[in-house]
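Protein chains in written order, with our numbering: chain A, 3 to 196; chain B, 3 to 196.
Presented below is the structure to which this report refers.
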DNA sequence: TCGAATATTGTCAACTTTGACAATCTATAG
DNA sequence: CTATAGATTGTCAAAGTTGACAATATTCGA
């Protein structure tokens, strides 16, 4: 007899709105009222479905980490092992859609906010460790001649290039750098053959 | 007959305090009162020596960009041309002092805040362009066999590795990655010889 | 000593943000 | 139709933040 729950959808919409607000006004610069406006709801809706300010930030962090983890595991599920590396590189250097870029920037925001959100700090470290480890394992599989140490080195470097490049592109730097970044990354991988 | 001006010193102290607050509370999460407390002054002092909130942020941005520019030009002045590359690499992968790290993180904060501070955005792009161009020129000089395009590619990639690595180290990721990053960067430079 | 420029402190009203709670509305199963 | 769980809206007081300005204190040179 109860009315059907809107909780899931409302929470998603609110977190989406929150992310857009963070880009516009900053993490601490965003008021609950602004989030509500952005989502075309009232502030009390936030209170009802999520809670107070801390709850909102926690929910955002959890969703963000979860999305990244899913992106890492689910998308890879159907890829044959020998194509994993090229698939990963494609993923790292594709021109991202607006939503993915926004997520990446929110990640950057959270990184610089590690003092205030030690929970986010821990989860971000875990996430990036997992990304690097996963990529390094792919490299080991694809380049049996290379040492494990070499694969980890290259994996870390390529992730650094990819992440910083994405931030630079978002900032508005010369787009020709994008091809440079990818080219160097692929050269680094090729160097594992010898 | 006037009293001697404290303006220069006060402004520096206030901006230092502002930077520390940004790390603790975030760019928009920092109140003028907190900055004043951190600097052990009163809020009216900020008003007197710098102005309102916007003035404070502008002053911070200007000083940050200026400091980076000076670090780039002045330090290089006494370096003989053939040592510029190794000096630059040392600089990029040295374990930074706390103050330099803080500046780098504030830069990250400003990057993610580009929508609110288009002025900062423009200056950051210029700054990074200058850094990459300068490094690429050093590479061209040191590696005459390499093409210009190769030098720019490598310069951009090494800057990406260095910047992202610094952020990762600050975040608290495994310190052993630091050596990996530097090693890959130096291998990339060495590849310009062939 | 005195005057002038500057430092420093204090106070005020307007505005914003937040948390809490009350009250009303509405869809759905029985 | 009706009861009920949940959706949605509204209102308040408390606390925090800011901009503006008044007022006082201090130093330096003449």
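From the three backbone atoms N, C-alpha and C, an ideal C-beta is built for every residue, glycine too.
Task: Enclosing alpha helix (DSSP H) for residue 66/B [first to last residue] - done: 55-75
Open item on the list: Suppose contacts are defined by Cβ-Cβ distances below 9 angstroms. Is residue 31/A in contact with residue 35/B by that definition?
Closed with: no
Open item on the list: Pairs of beta-carbons, one from the segment 151-162 of chain A and one from the segment 81-101 of chain B, closer than 8 angstroms: are there three or more?
Closed with: no
TODO: Would you mind working out which of 67/A, 42/A, 38/A and 66/A sits nearest residue 54/A, comparing C-alpha positions?
DONE: 38/A
TODO: With distances taken Cα to Cα, identify the nearest neighbour of residue 164/A among 143/A, 196/A, 130/A and 152/A.
DONE: 130/A
Open item on the list: Do residue 18/A and residue 114/B count as a contact pair if the criterion is CB distance below 9 angstroms?
Closed with: no
Open item on the list: I'd like to know whether the C-beta of residue 84/A is nearer than 9 angstroms to at least one C-beta of chain B.
Closed with: no
Task: First through last residue of the alpha helix (DSSP H) which encompasses residue 114/A - done: 100-114
Open item on the list: Tell me which residue opens and which closes the alpha helix (DSSP H) that residue 16/B is part of.
Closed with: 9-27
Open item on the list: Once DSSP output is grouped into helix, strand and coil, what is the label at residue 149/A?
Closed with: coil
- [ ] Compare the Cα-Cα distances from residue 176/A to each of 192/B, 150/B and 134/B and report the closest residue.
- [x] 134/B
Task: Cβ-Cβ distance between residue 136/B and residue 78/B below 9 angstroms - done: yes
Task: Residues within the segment 85-111 of chain B neighbouring chain A, beta-carbon criterion of under 7 angstroms - done: 107, 110 and 111
Open item on the list: Check whether the segment 57-64 of chain A and the segment 72-87 of chain A are in contact - that is, three or more C-beta pairs closer than 8 angstroms.
Closed with: no
Task: Within chain B, partners of residue 22/A - CB distance below 9 angstroms - done: Under the 9 angstroms cutoff, chain B gives no residues; its nearest Cβ is about 10 angstroms from residue 22/A.
Task: Minimum Cβ-Cβ distance from residue 53/A to chain B less than 9 angstroms - done: no
- [ ] Excluding the 5 residues preceding and the 5 following residue 93/B in the sequence, name in chain order all residues of the same chain whose CB lies nearer than 8 angstroms to its CB.
- [x] 77
Task: For residue 45/A, three-class secondary structure by DSSP - done: helix
- [ ] Anything in chain A within Cβ reach of residue 127/B, meaning under 8 angstroms, just list it in chain order.
- [x] 173, 174 and 175
TODO: With 7 angstroms as the limit, tell me which residues of the segment 134-160 of chain B have their beta carbon closer than that to any beta carbon of chain A; keep them in chain order.
DONE: 154, 155, 156, 158 and 159
TODO: Select from the segment 20-45 of chain B all residues with a C-beta closer than 9 angstroms to any C-beta belonging to chain A, and list them in chain order.
DONE: 24, 25, 26, 27, 28, 29, 30, 31 and 32
Open item on the list: Please return the same chain residues whose Cβ sits closer than 8 angstroms to the Cβ of residue 141/B, not counting the five positions on each side in sequence.
Closed with: 87, 148, 153, 156, 157, 191 and 194
- [ ] Determine the direct distance from the alpha carbon of residue 143/A to that of residue 89/A, and round the result to whole angstroms.
- [x] 14 angstroms
Task: Cross-chain neighbours of residue 74/B in chain A, by beta carbon under 8 angstroms - done: What residue 74/B touches in chain A: nothing, since even the nearest Cβ is about 17 angstroms away.
Open item on the list: Please state the DSSP three-state secondary structure of residue 6/A.
Closed with: coil
- [ ] Identify which residue in 65/A, 4/A and 27/A has its Cα closest to the Cα of residue 15/A.
- [x] 65/A
- [ ] Just the C-alpha distance for residue 41/B and residue 28/A, rounded to the nearest angstrom, thanks.
- [x] 24 angstroms
Open item on the list: Report the CB separation of residue 21/B from residue 108/B in whole angstroms; it is logged as a contact under 8 angstroms.
Closed with: 6 angstroms
- [ ] Would you mind telling me which residues of chain B sit closer than 8 angstroms to residue 56/A, beta carbon to beta carbon, in chain order?
- [x] None at all; the shortest Cβ gap to chain B is about 13 angstroms.
Open item on the list: Can you pull the chain B neighbours of residue 118/A, defined as C-beta to C-beta under 8 angstroms?
Closed with: 26, 27, 28 and 31
TODO: Give me the Cβ distance between residue 69/A and residue 105/A, rounded to the nearest whole Å; I'm assuming they're in contact under 8 angstroms.
DONE: 7 angstroms
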